[in-house]
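Report on the structure given below.
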Amino acid sequence: MKPKFETRAIHAGCEPDPGTGAIMTPIFQTSTYVQESPGKHKGYDYSRTRNPTRAALEQNIASLEEGRYGLAFSSGMSAAAAITQLLDSGDHIVCCDDVYGGTFRLFENVLKRYHLECDFVDMTQVQSLEAHIKNNTRLVWLESPTNPLLKCIDIEAVAHITRKHHILMAVDNTFATPFFQKPLNLGADIVMHSTTKYLNGHSDVIGGVIVTSDQDVNERLLFLQNAVGAVPGPFDCFLVLRGIKTLAVRMERHGENAIKVARFLENHPKVKRTIYPGLESHPEHAVAKKQMSGFGGVITFFIKGGLEAARDFLERVKVFSLAESLGGVESLIEHPAIMTHASVPKKIREKTGITDDLIRLSVGIENVEDLIEDLGNALEG
Ligand code: P1T
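So, in structure tokens, the structure goes:
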């Protein structure tokens with residue numbers, strides 16, 4: 002019997018401690034391990050290379066994404082950077098045109114210095130992707146839903162193209178989580194997460210993970226994890242592991258609350274346009290329905306009245322907190338152009354649609370009536 006998602010979230014990678022019976026994975030707060038004789042040890046020699054608390058998290062997330070191997074990192078960005086370190090100078094990346102500002106900054110402002118080029122492409126138009134593939138293209142990178150515009154990209158259709166051209170395909174599954182979407186089952190080679198968000202779920206850790214089923218890719222990533230060394234500490238691994246135990250129930254509530262908030266915003270006279278993959282009005286609602294079993298907790302909307310109205314509104318909310326990040330139990334709200342996507346130049350932001358009237362919500366698991374009342378009061382002014 003293969004346990005189902007909710008069961009794996011709680012048990013995968015977590016065995017009672019053999020020495021004590023402790024049901025919770027201990028925090029192995031140690032940098033090194035005593036060896037019996039040089040090179041003779043119990044599988045652990047140094048904590049940058051391996052740590053039992055980290056190993057439990059890595060097995061757990063691999064199980065949730067239905068992949069063979071998991072690797073944990075000190076942040077979502079260091080996980081993303083490790084994937085790009087699979088490439089060589091002179092290689093080419095195709096990335097979706099709407100991504101987290103930090104991912105854009107890594108591709109555009111860091112990797113270019115190592116002569117890795119990147120083109121940003123609207124992958125909702127899958128048929129146009131092939132035209133951007135060059136002889137030196139080695140990686141296709143996408144988020145779905147994207148940050149912050151929540152574009153939904155047909156993962157299976159992209160995988161069809163990357164497989165044909167023998168190009169690695171990585172999906173940042175942070176917004177959907179494996180509870181709602183499993184990119185490896187749709188043909189992606191690599192899945193990554195900022196565990197800072199839904200997987201940890203309590204806004205008290207910065208972390209990242211990668212999952213793959215490709216043995217060669219895993220071995221190269223494992224080498225990079227140790228060689229570059231952006232590993233998470235055991236306590237952070239413990240916290241993410243603990244957070245994941247409630248992922249299923251949290252995601253259900255995030256989704257239930259978000260659709261109600263999205264419908265409220267969609268019908269509000271001060272709102273120009275609401276974007277949520279679960280709304281019938283979302284341009285890729287059909288793609289989202291096909292590849293996701295729920296639509297997550299992030300909503301974006303354009304407020305009437307431009308930057309001034311956006312600023313007033315953001316200063317007035319009380320239950321929502323004005324802060325970067327998302328995916329915690331508490332509701333957050335932010336202004337992508339000034340906050341999370343400030344590293345994207347204004348011209349590019351405006352071309353993709355990250356305008357000054359755009360607001361992003363991370364709908365938490367509070368009582369939804371309180372959330373709607375808060376947004377309503379702040380919109381009324
Ligand atoms: O912050 P860090 O754990 O390094 O993760 C980076 C990251 C990667 N991918 C996606 C889709 C993300 O949203 C993020 C981080 N995002 C925010 C901080 C934010 O508010 O959008």
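Note that the sequence shown covers residues 2 to 382 in the working numbering. Every residue, glycine too, gets a C-beta built ideally from N, C-alpha and C. Computed from a predicted structure; not experimentally measured.
Backbone secondary structure at residue i - three-state DSSP
i      : result
Tyr115 : helix
Phe303 : strand
Ser38  : strand
Glu285 : coil
Leu376 : helix
Phe296 : coil
Asp237 : helix
Glu335 : strand
Asp217 : helix
Thr147 : coil
Residue environment, residue i, which counts as buried when at least 16 other CB atoms sit within 10 Å
i      : result
Lys152 : buried
Ile339 : exposed
Glu37  : exposed
Leu143 : buried
Tyr115 : exposed
Met193 : buried
Met293 : buried
Ser145 : buried
Asp89  : exposed
Arg350 : buried
Contact set for residue i: own chain, Cβ-Cβ below 6 angstroms, skip 5 residues either direction
i      : result
Gly14  : Ala57, Gln60 and Asn61
Lys261 : Val369
Pro184 : Ile156, Val172, Asn174 and Val192
Lys305 : Lys271 and Lys273
heavy atom of the ligand P1T below 8 angstroms from residue i C-beta
i      : result
Pro17  : no
Ile360 : no
Phe176 : yes
Ser195 : yes
Ala81  : yes
Ile300 : no
Val100 : yes
Leu327 : yes
Asn148 : yes
Ser332 : no
Glu335 : yes
Own chain, CB closer than 7 angstroms to residue i, minus 5 neighbours either side, in chain order
i      : result
Leu327 : Lys198, Val299, Leu333 and Ser363
Ile11  : Lys246
Asp18  : Pro27
Val241 : Leu58, Thr196, Leu200, Asn201, Val206 and Gly208
Ile366 : Arg251, Arg254, His255, Asn258 and Val330
Sequence-distant residues of the same chain with beta carbon closer than 8 angstroms to residue i, five excluded per side
i      : result
Leu130 : Val95, Val122, Met124, Val141, Val159 and Ile162
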